[in-house]
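Asker: Please find one structure pasted underneath; my questions will follow.
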Amino acid sequence: MIKEYQTVKEIFGPIVFVEDVPAAAYNETVEIIMPSGEKLRGQVLESSKGLAAVQVFGATTGLDTHKTSIRFLGETFKLPVSEDMLGRVFDGTGQPLDKGAPVTSAERLDINGFAINPYARAEPHDFIQTGISTIDALNTLVRGQKLPIFSTAGLPHNELAVQIARQATVRGSGEEFVVVFAAMGITNAEAQFFMKDFEKTGALERAVLFLNLANDPSIERILTPRLALTTAEYLAYEKDMQVLVVMTDMTNYCDSLREVAAARQEVPGRRGYPGYMYTDLASLYERAGTIKGKKGTVTQLPILTMPEEDITHPIPDLTGYITEGQIVLSRELHRKNIYPNVDVLPSLSRLMNLGIGAKRTREDHAGVSSQLYASYAQGRDLRQLVAVVGEEALGEKDKKFLKFANEFEQRFIQQGRNENRSIEDSLDLGWELLAGIPEDELKRVKPEHLEKYGRKYRK
Amino acid sequence: MGKLAKISGPVIVAEGMLGAQINEVVKVGDEELLGEIISLKYDRASIQVYEDTSGLKPGDTIVGTGAPLQVELGPGLLKAVFDGIQRPLDVIQARTGAFIHRGVNIPALDPKAKWEFQAVVKKGDTVHPGDILGTVQETNIEHKILVPPHFKAGKLLAIKSGTYTVRDAIGQVGSSDLFLSQKWSVRAPRPTKEKLRFSSPLVTGKRIMDTFFPIAKGGAGAIPGPFGSGKTVNQQDLAKYSDAQVIVYIGCGERGNEMTEVLTEFPKLEDPRTKKPLMERTVLIANTSNMPVAAREASVYTGITLAEYYRDMGYSVALMADSTSRWAEAMREISGRMEEMPGEEGYPAYLGRKLAEFYERAGNVQCLGSPSREGSVTVIGAVSPAGGDISEPVSQGTLRITKVFWALDANLSRRRHYPAINWLKSYSLYDNELADWYAEHVGKDFYPMRSKAMGLLQKEEELQNIVQLIGPDALPEKERLVLEATKMIREDFLQQNSFDPQDAYATPQKQYWMLKTILHFYDKANDALAVEMPLDKIMSVKAREQIPQLKRVPDADIKKTCEHIQKELDAALTPHAHATPVHKANAKSD
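Protein sequences, first through last, are from chains A and B.
Counted the way this note's numbering counts, the first sequence spans residues 1 to 459.
Counted the way this note's numbering counts, the second sequence spans residues 460 to 1049.
Have a look at this one:
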């Protein structure tokens, strides 16, 4: 039974307080009918006898405390899902933005989802080839992983995300990825960029887009990633698809969380973000995974922009603690005109070891990757030293490391926006560059691998 | 009993709760969601609910159970995977599928499983709390059936070996029955006869830990670090290789995929000592970050109670809590929902006390009851400080109480130096208590050796500062040798590859020989420098090039290999073996 009330007592930011409600359920969905007749969605945040606090997904402009009526729908927020969603574009609350009809389906899923039982998860170990050397060879992505891109304003993270979405394949499976795209507070131009690229490559037919743009109501952004993930879970676990979820920009999502927390006058945590932000972000990121006995998987590629390029800011910090690694973009490399500007040293993929090796990529993968890391780190250190003492003060060996670091950036990190390198190409390129380093310094690669793969590059 | 009056997130307020007790477990609503009373104000109770609270509404009924939050202790704990309030996740999966749904009330221990009980006491014996009644072969671990701590001592009217479930009475004292299982309230430490001094280290197989920063059996250690520095890999390695007899691993608010890794790996890996699958000695508690926050708060208590129970049987138990920061955040979230006055960074004012109470449940103890036995619980807590800055309250509260600090360093992990434990910032306060053990079991010269190595590493830090200014080639050869030696200590000793089966675990003996060989090289090289052998030549001595390979030498061969290398080093670097440099030295002194 649906109950309707015209007892709005107070409107405070995105929160509406409704009186004389005997028993609103926590997290219950409501429909708000504005005096103009326009409808908004909302959700119960707090309920006590006779009073409910409702968070409004949308602009509260035009609401009043007299005529506005609130209908309690008696259930949590549910999204109708079907395979027909592929190729469609929705707004941040799930309403069609294209010319198509709203999705009708008997299957309606709770957008908050349920936690995957850790016991039911399968070990993620299927190597995803993205065609990007810095990811494939050094920070390998596997199916069911959540690997965010840490960027800052003005860097080409969108280009990188699009390239990954376009090129990602699981080798040998012949299966293509379906992309579910959630935009939160990005500009119209950025949204156009994604749409165009998807259209151009024909990927749009295999994509579902949820777009909340910068000028859309900010509180909607709390819904957007949940709609996307619910769709992704449906396609993966009910329809056996391999799903890649791109969510951008998580920073805007967190700012919306903060906005609601501030309106509720909650005790703030660091930098004003709510104390439960870790739990809240986990409820999104942990929806990535692979499940025993199910063919489909959900892989996440969230993008966030670090305020003031500060990786210790609560948003990247809490994200890093939940996700399985991170790809960090560097302004310095961007200035040197290197694309993709992946700063490999702070980047990491935690599930890499599960996805590489003889049967999955190539036997020498772990060693080459570790050696490239160590050598590049040494070269970078020397660069700082050179800035102080000059290159002449370096020994022969150190000069080689310095040269290696430069070549590594120019040839290994750098690649074209449409250049799709196989993992073998990436590893061979690694060996080629390592040929510039004295053999007794190659402690991280196995001698037999050096003979088999690296010898031919050494003169 | 009572009615729900207000709900916001995982905390609810109930009215009409007169007579309810603090920490009493209640059932909320039609689905009977489990909750715990965390504060009382006349008839109003604040309750943290261990499950998702969506859909609860004012007026829902609340029923008390009359008991605090308890765990069930008995055979069947090992190899199990529980959530934060000891519900078996495999049974939940069978019941609700791949996703966890609410209101699943199932017993922790399988009530139908049969166990073979072998009594060691007989009818007519007088038994006291903590006494061993008999044994059950649980896995390869023998489960001792104990008289519960608060049981009234008395004469056994009946006791019989045989096949029982955990619900069948195995014996009787007075009018009370004894069972294979018992219950214990998680928030209260299980009693012991007395706490003992520390006498042996928890051997971890990690060179940086065992050699430089050892933790005592029964001690408490913290491993703080920013994300990506390897907290979880270190914790998992400790669970795999440390020489405790029973492992309790708590995944508290961490990643689901990490628990899956443990679940798939542990049954396949074998204990380096017993050669049995690791899972046989392990209890897992998995309350991942997306599972309810109140159950996360409870998970560390559930875990430590299980650990104490195996300690009481006389076992050495190691508990890993990954991560205690998530536990603290759960406290913060609940405290915030209750609108308590916040302390530092929004954490509740009692955070420090809770941390201290938890770590103090570690210890090396004389167990209650007879026969006389000693057991220990070693606690190792991972801490995830915001931004890696350990000035925050959880790190500080932890360091005040733990005696081992393994400082993870993002700079090391970025250059793939693992374990990324910073040797200059870490410390262990168990050094003195463990000196005798190391002298007896490893070598009398082991402590002097490690002091020497640590001295070199400290010297390296100073020299690096100079190198930053003037470049390495400007240093005298003697100091450049220090840098070469410390590079060997760092790369050929401290670095250890968890994913290389030969290298992941090193016995203390292997550690001893490896370090001894590196230091031997340093001493010999110094001698050679004194007679003006050039450093480049010293460094290219063939025997030295074998030192990096020592990591992969099996334990059985390590002594022989090291002695051989040392002999070769002697031959190559001893002054009289080189006529020319001696002449040169003479020429100069003219």
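All residues carry an ideal CB built from backbone N, CA and C; glycine is no exception.
Could you tell me which of P340(A), I356(A) and M85(A) sits nearest to R206(A), measuring between CA atoms?
Answerer: M85(A)
Asker: Which residues in the same chain as A987(B) place their Cβ atom closer than 6 Å to its Cβ, once the five residues preceding and following it in sequence are excluded?
Answerer: Cβ contact annotation for A987(B) (same chain, cutoff 6 Å, sequence separation greater than five): I997 and L1032, in chain order.
Asker: Identify every run of the alpha helix (DSSP H) within the segment 208-277 of chain A, keeping only runs that are complete inside it and at least 4 residues long; order them along the chain.
Answerer: 224-233 and 250-263
Asker: Could you list which residues in chain A have their beta carbon closer than 8 Å to that of V540(B), in chain order?
Answerer: P118 and Y119
Asker: List, in order along the chain, the chain A residues whose C-beta lies closer than 9 Å to that of G937(B)?
Answerer: In the sequence under discussion, the amino acid at residue 937(B) is Lys, which differs from the Gly named in the question. Ordered by position in chain A, no residue passes the 9 Å Cβ test against K937(B), which lies about 17 Å from the chain.
Asker: The ligand ATP and E816(B): does the residue's C-beta get closer than 7 Å to at least one heavy atom of that ligand?
Answerer: Questions concerning the ligand ATP fall outside what the structure shown contains, since it holds no ligand whatsoever.
Asker: Which first and last residues belong to the alpha helix (DSSP H) in which C1021(B) is found?
Answerer: Here the alpha helix (DSSP H) through C1021(B) covers D1014 to L1032.
Asker: Looking only at C-alpha atoms, which of P22(A), V344(A) and A137(A) sits nearest to R873(B)?
Answerer: V344(A)
Asker: Do V836(B) and G822(B) count as a contact pair if the criterion is CB distance below 8 Å?
Answerer: In this structure, G822(B) lies near V836(B), with their beta-carbon atoms less than 8 Å apart.
Asker: What did DSSP end up calling W972(B) once you bin it into helix, strand or coil?
Answerer: The answer is helix: DSSP assigns W972(B) an H, G or I state.
Asker: Could you check whether T152(A) and E309(A) sit closer than 8 Å to each other, using their CB atoms as the reference points?
Answerer: yes
Asker: List the residues of chain B whose Cβ lies closer than 8 Å to the Cβ of I322(A), in chain order.
Answerer: Chain B residues near I322(A): R714 and S748.
Asker: Which ranges would you report for the alpha helix (DSSP H) in the segment 538-570 of chain B if only whole runs of at least 4 residues count?
Answerer: Counting whole runs of 4 or more residues, the segment 538-570 of chain B contains the alpha helix (DSSP H) stretches 548-555.
Asker: With the cut-off set at 8 Å, would you say A780(B) and G840(B) are in Cβ contact?
Answerer: In this structure, G840(B) lies closer than 8 Å to A780(B) by Cβ.
Asker: Leaving out five residues before and five after K1043(B) in sequence, what residues of the same chain have Cβ atoms less than 7 Å from its Cβ?
Answerer: Confidence at K1043(B) is low in this model, with a pLDDT of 44, below 50, so its placement is unreliable and no value can be given for it.
Asker: Considering only the alpha carbon of each residue, which of I763(B), V863(B) and S794(B) lies closest to I544(B)?
Answerer: Nearest of I763(B), V863(B) and S794(B) to I544(B), Cα basis: I763(B).
Asker: Could you name each continuous beta strand (DSSP E) segment of 3 residues or more that falls completely within the segment 790-829 of chain B, going from the start of the chain to the end?
Answerer: 822-825
Asker: Does the Cβ-Cβ distance between K399(A) and P438(A) come in under 8 Å?
Answerer: no
Asker: Between which two residues does the alpha helix (DSSP H) harbouring V692(B) extend?
Answerer: K690 to Y700
Asker: Determine, for Y26(A), whether the minimum Cβ-Cβ distance to residues of chain B falls below 8 Å.
Answerer: For Y26(A), the answer is yes, since a Cβ of chain B falls inside 8 Å of its Cβ.
Asker: Mapping the DSSP letters down to three states, classify K443(A) as helix, strand or coil.
Answerer: coil
Asker: Cα separation between S426(A) and Q145(A)?
Answerer: 21 Å
Asker: Does the CB of E332(A) have a neighbour CB from chain B at under 8 Å?
Answerer: Chain B places no beta carbon closer than 8 Å to that of E332(A), leaving this residue out of the contacts.
Asker: In whole angstroms, what is the alpha-carbon distance linking L138(A) and E448(A)?
Answerer: 21 Å
Asker: Does DSSP put P650(B) in a helix, in a strand, or in coil?
Answerer: coil
Asker: Among L229(A), G154(A), P225(A) and P80(A), which has the Cα closest to the Cα of C254(A)?
Answerer: P225(A)
Asker: Going along chain B in order, which residues have a C-beta closer than 9 Å to the C-beta of F177(A)?
Answerer: Simply none; closest approach about 19 Å.
Asker: Only counting the same chain, and skipping five residues up and downstream in sequence, which positions put a Cβ closer than 7 Å to that of F421(B)?
Answerer: Outside the displayed span of chain B (460 to 1049) sits residue 421(B), for which this structure offers no information.
Asker: Who does K462(B) pair with in a DSSP beta bridge?
Answerer: E474(B) and T520(B)
Asker: Give me the Cβ distance between D848(B) and T312(A), rounded to the nearest whole Å; I'm assuming they're in contact under 8 Å.
Answerer: The pair is a contact, with the Cβ atoms about 7 Å apart (cut-off 8 Å).
Asker: Could you confirm whether any beta carbon from chain A is found closer than 8 Å to the beta carbon of K1058(B)?
Answerer: Summary: the structure shown does not reach residue 1058(B), with chain B confined to residues 460 through 1049, and so no result is reported for it.
Asker: Please say whether M184(A) and N215(A) have beta carbons closer to each other than 8 Å?
Answerer: No. Outside cutoff.
Asker: For a cutoff of 8 Å on Cβ pairs, would you count G269(A) as touching chain B?
Answerer: yes
Asker: Which residues share a DSSP beta bridge with E31(A)?
Answerer: R41(A) and R71(A)
Asker: A745(B) bridges to which residues according to DSSP?
Answerer: G710(B)
Asker: Taking Cβ to Cβ, would you say G42(A) is nearer than 8 Å to V21(A)?
Answerer: no
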